[in-house]
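**Student:**
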């Protein structure tokens, strides 16, 4: 079954509307972004998440003190590090806070992405692969070359990973049908006028789960 992560939630109303959908993870952005939430806002959203739906805090180059301030308030199951955090820092976060650490890696070409995975292999619990952007760490709606996914899959080992960047309800079925990734991550692709669109979220999830049902049919 394909893991589904909906990133950039900002309102309690949205999580209440999607909490019955088969969504595995929601992302709460604490980095500088138009989707940024405060710890108090994130805690209110996390309280509405049903059992079994993971809560991922998204940070860019945070300090341990910043992580501690957020984790004191928000019951995060995962921390996603989307900056230039070193393997040593990632490992320290996992040990200190007892959370799953996802390292976001920008995808440019096969050589660089394989090199990055080798660097972080023993330091993180999973990866998020996103399009490289010269200024923004993520959430741009840019799509990287999916032809690089087989290179990722050959080197990722048994770690969970999510494909992000430019996914929408219109193209996610093609991705999962062609490459069968562990998981998919979407943010801007399920928004209308910069806000999460519950209808689009439902369509995105339905496209993924319809494919999963077809794969599992005898």
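In this note's numbering, the protein residues as written are 1032 to 1249.
Beta carbons: idealized from backbone N, C-alpha and C, even for Gly.
Here the structure is a predicted model, which is why all the values come from computation and not from measurement.
Is it the case that the Cβ atoms of residue 1105 and residue 1073 are separated by a distance below 8 Å?
**Tutor:** Working through the chain shown from its first residue, we reach residue 1105 at position 74. Working through the chain shown from its first residue, we reach residue 1073 at position 42. Against a cut-off of 8 Å, the Cβ pair of residue 1073 and residue 1105 comes out as a contact.
**Student:** Hey, could you find the ends of the alpha helix (DSSP H) residue 1140 is sitting in?
**Tutor:** Translated into positions along the chain shown, residue 1140 becomes position 109. Careful: residue 1140 lies outside any alpha helix (DSSP H) and carries neither H nor E.
**Student:** Would you grab the beta carbon distance between residue 1112 and residue 1130 for me? Rounded to a whole angstrom, and I think it's under 8 Å.
**Tutor:** The residue labelled residue 1112 in the question sits at position 81 within the chain shown. The residue labelled residue 1130 in the question sits at position 99 within the chain shown. About 11 Å separates the two Cβ atoms, so there is no contact after all.
**Student:** If the criterion is Cβ atoms closer than 8 Å, does the pair residue 1161 and residue 1190 meet it?
**Tutor:** Taking the chain shown and counting its residues from 1, one reaches residue 1161 at position 130. Taking the chain shown and counting its residues from 1, one reaches residue 1190 at position 159. No.
**Student:** Going by alpha carbons, who is nearest to residue 1178 out of 1139, 1151, 1154?
**Tutor:** The residue you call residue 1178 lines up with position 147 of the chain shown. Comparing Cα-Cα distances from residue 1178 to each of 1139, 1151, 1154, the minimum goes to 1139.
**Student:** Please report the distance separating the alpha-carbon of residue 1100 from that of residue 1236.
**Tutor:** Working through the chain shown from its first residue, we reach residue 1100 at position 69. Working through the chain shown from its first residue, we reach residue 1236 at position 205. Their Cα atoms are separated by approximately 32 Å.
**Student:** Of the residues 1242, 1221, 1182, 1186, which one's Cα is nearest the Cα of residue 1207?
**Tutor:** Within the chain shown, the letter at position 176 stands for residue 1207. The shortest C-alpha separation from residue 1207 is found at 1242.
**Student:** Tell me which same chain residues have a C-beta within less than 6 Å of the C-beta of residue 1220, skipping the five on either side of it?
**Tutor:** What you label residue 1220 is simply residue 189 of the chain shown in a count that begins at 1. Taken in chain order, the residues that qualify are 1198, 1199.
**Student:** Kindly indicate which three-state DSSP category residue 1035 falls into: helix, strand or coil?
**Tutor:** Within the chain shown, the letter at position 4 stands for residue 1035. Three-state DSSP puts residue 1035 in a strand.
**Student:** Considering only the beta carbon of each residue, do residue 1125 and residue 1091 sit closer than 8 Å?
**Tutor:** Here residue 1125 is taken as the residue at index 94 of the chain shown, counted from 1. Here residue 1091 is taken as the residue at index 60 of the chain shown, counted from 1. No; because the gap between Cβ atoms is not below 8 Å, this pair is not in contact.
**Student:** Would you identify the three-state DSSP class for residue 1098, choosing helix, strand or coil?
**Tutor:** As a working note, residue 1098 is residue 67 in the chain shown. Reduced to three states, the DSSP call for residue 1098 is helix.
**Student:** Taking the straight line between their C-alpha atoms, what separation do you get for residue 1066 and residue 1088?
**Tutor:** Stepping through the chain shown from its first residue, residue 1066 is reached at position 35. Stepping through the chain shown from its first residue, residue 1088 is reached at position 57. So the two alpha carbons sit approximately 12 Å from each other.
**Student:** Rounded to a whole number of angstroms, what is the C-alpha to C-alpha distance between residue 1042 and residue 1148?
**Tutor:** Within the chain shown, residue 1042 is the residue found at index 11, counting from 1. Within the chain shown, residue 1148 is the residue found at index 117, counting from 1. If you take the alpha carbons of residue 1042 and residue 1148, they lie about 34 Å apart.
**Student:** Which full runs of the alpha helix (DSSP H) of 4+ residues lie inside the region 1147-1210, going along the chain?
**Tutor:** Complete alpha helix (DSSP H) runs here, min 4: 1180-1186, 1203-1210.
**Student:** Quick one: is residue 1136 buried, meaning 16 or more other Cβ sit within 10 Å of its Cβ, or exposed?
**Tutor:** Taking the first residue of the chain shown as 1, we reach residue 1136 at position 105. Per the 10 Å Cβ criterion, buried.
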